[in-house]
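Sequential numbering of the sequence shown, starting at 20, is according to my numbering. The structure under discussion appears below in the form of structure tokens.
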Amino acid sequence: MKPALAVASECVPLVKTGGLADVTGALPGAMAGNGWALRTLLPGYRPVMAVAANAGAQPVLDLPGLAAGDARVLALRYAGLDLLVLNAPHLYDRDGSPYLDAGGNDWSDNDLRFAALAQTAARIAGGALEGWVPHLLHLHDWQAALVPEYLAAEGTRVPVVLTIHNIAFHGLTAPDRIGALGLDPARFIPDGYEYYGHVSALKAGLQGADRITTVSPTYARELTTPEFGMGLDGVIRARAGVLTGILNGIDTRVWNPRKDPHVRRYQTPRGKAANRKRLRAEFGLPAAPGPLAVVISRLTTQKGLDLLLDALPAFTAAGGQLALLGSGDRALENAWLQAARDSDAVAVRIGYDETLAHRMFAGGDAVLVPSRFEPCGLTQLYALRYGAVPVVARTGGLADTVIHANDAALRAGTATGLVHAPDDAEALATALTDLCLLHAQSERWSLIQANGMKHPVGWEVSSAQYAALYDAMMVS
Ligand code: ADP
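Now the structure itself:
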């Protein structure tokens with residue numbers, strides 16, 4: 020097995036705020052089957068240190084004076100993961116989330132907190148750990164993206180791949196922090212880590228990584244455009260030759276309608292009927308012949324759920340019902356609660372509820388994901404697995420994972436869902452009325468469901484692609 024070091028700010032099951040954690044938690048297991056042994060370096064946040072203490076973590080490296088404090092790296096195995104935890108109480112031993120204080124504001128020293136993580140990774144790559152040197156580094160998002168700067172400063176040469184999970188966060192900080200972060204001031208230039216007068220950690224990584232990946236092929240193309248690149252499209256265009264998109268997978272053991280403890284288990288689409296009945300009852304929706312669509316989502320403009328409000332009358336007029344679970348923007352929450360008061364065919368739960376989400380995928384006839392942009396998206400993958408027909412916007416990973424039920428795909432028997440133009444309430448309304456028409460054609464409908472349930476959504480394909488990339492980096 021070839022050793023590699025993953026560097027990330029989140030990892031399931033220890034610490035999660037988004038899809039990044041799912042990827043860093045699942046990839047090591049999947050890569051083991053492809054000849055790569057991943058070790059993951061994580062910040063020692065309070066909950067992570069609690070796990071480390073219980074799991075008998077051992078100190079493997081002392082780092083006196085790291086980011087103006089004493090730190091140490093601990094090694095442990097937990098939940099099938101081989102972990103290195105950066106124990107630096109002055110940086111991580113706090114209440115609050117990985118990035119925000121209890122008041123919901125960014126920690127004012129986030130630059131230093133993640134620079135320390137990157138410095139530690141660079142030291143490990145340089146041979147600081149006794150008996151273990153990675154052949155390759157896999158960096159995730161801006162929190163790990165300063166690593167190439169520190170490697171260059173120390174003269175360490177090791178292949179580096181950077182994965183972009185969310186281009187919206189750049190890790191910006193002021194130039195007067197360059198000294199505190201231990202960066203080379205000579206690299207504060209447009210070809211280095213300077214970004215319009217600021218230090219940008221993500222830009223440093225985009226410039227310095229040997230290869231760049233993001234979480235779907237379509238999103239990789241979209242990132243080169245001003246519309247999606249969030250100010251870094253120029254840098255990404257300059258590096259387009261080393262950029263690839265590799266889809267995320269889902270954990271098919273947790274998301275499996277045959278074994279899911281939260282639902283009436285089923286093997287074929289017909290088994291959804293009992294779940295649908297229960298879901299209607301749970302949401303107070305009447306029995307109806309039309310499709311029951313569900314939405315499970317953060318309520319933000321990214322997710323396009325304001326467009327869905329506009330398209331809703333057309334859907335309910337065509338016989339559709341909608342159950343929504345979500346939380347987020349207050350204005351959107353209120354608008355959805357109002358929509359539920361206005362229509363007997365719409366029901367809304369505000370909140371985050373993992374087990375209800377399982378019941379909704381099992382009971383829903385369709386899952387709606389009308390996002391304006393979506394790097395990969397997981398919801399549509401769960402939908403496929405559970406025989407709920409995904410109705411998605413043609414963007415990012417949504418475009419890459421759902422096969423639109425046009426005539427040709429229906430005739431070829433390959434369709435798995437409906438795909439509509441993004442950021443367009445009219446196109447969404449048309450897709451929803453098409454959904455109702457398709458639902459009424461039971462043979463076609465069952466075929467689409469069955470196709471979806473067969474579609475590969477685990478990590479097998481994607482981990483092989485990561486392994487091919489890692490292997491290619493070793494020889495180039
Ligand atoms: P993002 O990471 O942008 O929120 P993804 O589709 O990649 O979007 O992942 C979102 C995940 O969170 C999915 O697994 C989805 O089912 C889940 N989720 C979102 N909102 C809720 C909620 N209110 N309750 C339960 N699960 C939710």
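Ideal placement from N, C-alpha and C gives every residue a C-beta, glycine not left out. As the structure is a computational prediction, the values presented were derived from the model and not from experiment.
Quiz prompt | Reduced DSSP category for N106 - H, G, I as helix; E, B as strand; rest coil | solution = Mapped onto the sequence shown, residue 106 falls at position 87. The three-state secondary structure of N106, taken from DSSP, is strand.
Practice problem: Specify the secondary structure class of E301 as computed by DSSP and reduced to three states. | Solution: Counting from one through the sequence shown, the residue named residue 301 turns up at place 282. Three-state result, E301: helix.
Self-check item: Beta-carbon contacts of A76 that lie in its chain and below 6 Å, excluding the five residues immediately before and after
Solution: The sequence position of residue 76 within the sequence shown is 57, counting from 1. The answer, listed in chain order, is L93 and L95.
Quiz item: Using the C-alpha atoms, what's the distance from H458 back to A385?
Solution: As a working note, residue 385 is residue 366 in the sequence shown. As a working note, residue 458 is residue 439 in the sequence shown. Approximately 10 Å, taken between the alpha carbons.
Quiz item: Mapping DSSP to helix, strand and coil, what is R96?
Solution: The residue you call residue 96 lines up with position 77 of the sequence shown. Reduced to three states, the DSSP call for R96 is strand.
Exercise. Hey, could you find the ends of the alpha helix (DSSP H) S482 is sitting in?
Key: Numbered from 1 along the sequence shown, position 463 holds the residue referred to as residue 482. It spans E479 to V494 - the alpha helix (DSSP H) in which S482 sits, taken as one unbroken run.
Practice problem: Can you give me the Cβ contacts of G370 inside the same chain, cut-off strictly under 6 Å, excluding the 5 residues immediately before and after it? | Solution: Mapped onto the sequence shown, residue 370 falls at position 351. Within the same chain, G370 has close Cβ partners S346.
Quiz item: Which partner residues does S390 have in the DSSP bridge list?
Solution: Within the sequence shown, numbered from 1, the residue matching residue 390 stands at position 371. Per DSSP, none; premise fails for S390.
Self-check item: Residue from D372, A69, G52 and A49 with nearest C-alpha to L33
Solution: Within the sequence shown, residue 33 is the residue found at index 14, counting from 1. Selected option, being the one with the closest Cα: A69.
Quiz prompt | E352 versus K291 - alpha carbon distance | solution = Here residue 352 refers to the residue found at position 333 when the sequence shown is read from its first residue. Here residue 291 refers to the residue found at position 272 when the sequence shown is read from its first residue. Taking the straight line from one Cα to the other gives about 28 Å.
Exercise. Indicate, with yes or no, if ligand 2 has a heavy atom lying under 6 Å from the CB of E241.
Key: In the structure shown, ligand 2 is absent; the only ligands present are ligand 1.
Quiz item: From the DSSP output, which residues share a beta bridge with D125?
Solution: Translated into the one-based positions of the sequence shown, residue 125 becomes position 106. DSSP output for D125 lists L119 as bridge partner(s).
Exercise. Please state if the CB of L202 and the CB of P178 are separated by a distance shorter than 7 Å.
Key: Working through the sequence shown from its first residue, we reach residue 178 at position 159. Working through the sequence shown from its first residue, we reach residue 202 at position 183. With a cutoff of 7 Å on beta-carbon distance, P178 and L202 are scored as not near each other.
Exercise. With Q77 as the anchor, note down where its beta strand (DSSP E) starts and where it stops.
Key: Residue numbering aside, residue 77 sits at position 58 when the sequence shown is read from its first letter. That run of the beta strand (DSSP E) goes Q77 to L82.
Quiz item: CB-CB under 7 Å to G54, same chain, minus the five flanking residues each way: which ones, in chain order?
Solution: Walking along the sequence shown from the start, residue 54 turns up at place 35. Counting only Cβ-Cβ distances below 7 Å, and skipping sequence neighbours, we find M20, K21 and A486.
Quiz item: Thinking C-alpha only, which one of H157, E301, A49 and A440 is nearest L61?
Solution: For this step, residue 61 is matched to residue 42 along the sequence shown. Ranking H157, E301, A49 and A440 by Cα distance to L61 puts H157 first.
Quiz prompt | Own chain partners of L429 with C-beta closer than 7 Å, once the 5 adjacent residues on each side are dropped | solution = Position 410 of the sequence shown, counted from the start, is the residue given in the question as residue 429. If we look at L429 and ignore the five residues flanking it on each side, its Cβ neighbours are R463.
Practice problem: With DSSP collapsed to three states, give me the class of C30. | Solution: In the sequence shown, residue 30 corresponds to position 11, counting from 1. Correct three-state label for C30: strand.
Practice problem: Indicate the three-state DSSP secondary structure (helix, strand or coil) for Y214 in the structure shown. | Solution: Stepping through the sequence shown from its first residue, residue 214 is reached at position 195. Here Y214 sits in strand by DSSP.
Quiz prompt | Buried versus exposed call for S235 [16 or more other C-beta atoms within 10 Å across all chains shown] | solution = Looking up residue 235 in the sequence shown gives position 216. So S235 ends up on the buried side.
Quiz item: Comparing alpha-carbon positions, which option in A140, G123 and A86 lies nearest A527?
Solution: Examination of residue 527 is not possible in this model, given that the chain is present from 20 through 495 alone.
Quiz item: For the stretch 358–373 against the stretch 329–346, are there 3 or more C-beta pairs whose distance is under 8 Å?
Solution: yes
Quiz prompt | Closest by C-alpha distance to D195, when choosing among F207, F188 and P66 | solution = For the purposes of this step, residue 195 is taken as residue 176 along the sequence shown, with counting starting at 1. Ranking F207, F188 and P66 by Cα distance to D195 puts F207 first.
Quiz prompt | Coil, strand or helix - D101 by DSSP | solution = On the sequence shown, position 82 is the one that residue 101 refers to. The answer is strand: DSSP assigns D101 an E or B state.
Quiz item: How many Å lie between G174 and A147 at the Cα?
Solution: To locate residue 174, count along the sequence shown from 1; it is residue 155. To locate residue 147, count along the sequence shown from 1; it is residue 128. Rounded to the nearest angstrom, the two C-alpha atoms are 14 Å apart.
Practice problem: Compute the minimum distance between the beta carbon of T398 and the heavy atoms of ligand 1, and state whether it is under 6 Å. | Solution: As a first step, residue 398 is located in the sequence shown; it is residue number 379 there, counting from the start. Because some heavy atom of ligand 1 lies under 6 Å away, the Cβ of T398 counts as near it: yes.
Exercise. Could you check if A448 is buried or exposed, using at least 16 other CB atoms within 10 Å of its CB as the buried criterion?
Key: The count along the sequence shown starts at 1 and reaches residue 448 at position 429. Buried, since its Cβ has 16 or more Cβ neighbours within 10 Å.
Quiz prompt | Local conformation of L266 per DSSP, three classes | solution = As a first step, residue 266 must be located in the sequence shown, where it is residue number 247. Residue state, collapsed to three classes: coil.
Exercise. Rounded to whole angstroms, what's the CA-CA distance from C30 to F188? Just pull it up for me.
Key: Translated into the one-based positions of the sequence shown, residue 30 becomes position 11. Translated into the one-based positions of the sequence shown, residue 188 becomes position 169. Approximately 18 Å, taken between the alpha carbons.
Self-check item: Identity of the residues DSSP links to K21 by a beta bridge
Solution: In the sequence shown, the residue the question calls residue 21 occupies position 2. Paired residue(s): W55.
Practice problem: Rounded to whole angstroms, what's the CA-CA distance from N275 to W355? Just pull it up for me. | Solution: For the purposes of this step, residue 275 is taken as the residue at position 256 of the sequence shown. For the purposes of this step, residue 355 is taken as the residue at position 336 of the sequence shown. Cα to Cα, N275 sits roughly 30 Å from W355.
Self-check item: Option in L466, L181 and D443 with minimal Cα separation from I422
Solution: Start at 1 with the first residue of the sequence shown, and residue 422 comes out as number 403. Closest option to I422, Cα to Cα, is L466.
Practice problem: Mind checking who V410 pairs with in its DSSP beta bridge? | Solution: The residue you call residue 410 lines up with position 391 of the sequence shown. Paired residue(s): L387 and L437.
Quiz item: Where does S461 land, buried or exposed, given buried means 16+ other C-beta within 10 angstroms?
Solution: By one-based count along the sequence shown, residue 461 stands at place 442. It is exposed - the Cβ of S461 has fewer than 16 other Cβ atoms within 10 Å.
Self-check item: Within the stretch 155–186, ranges of the beta strand (DSSP E) (whole runs, at least 3 residues)
Solution: 155–159 and 179–183
Quiz item: Should A440 go down as buried or exposed, given a rule of 16 or more other Cβ atoms within 10 Å for buried?
Solution: Position 421 of the sequence shown, counted from the start, is the residue given in the question as residue 440. A residue is called buried once 16 or more other Cβ atoms fall within 10 Å of its Cβ, and A440, having fewer, is exposed.
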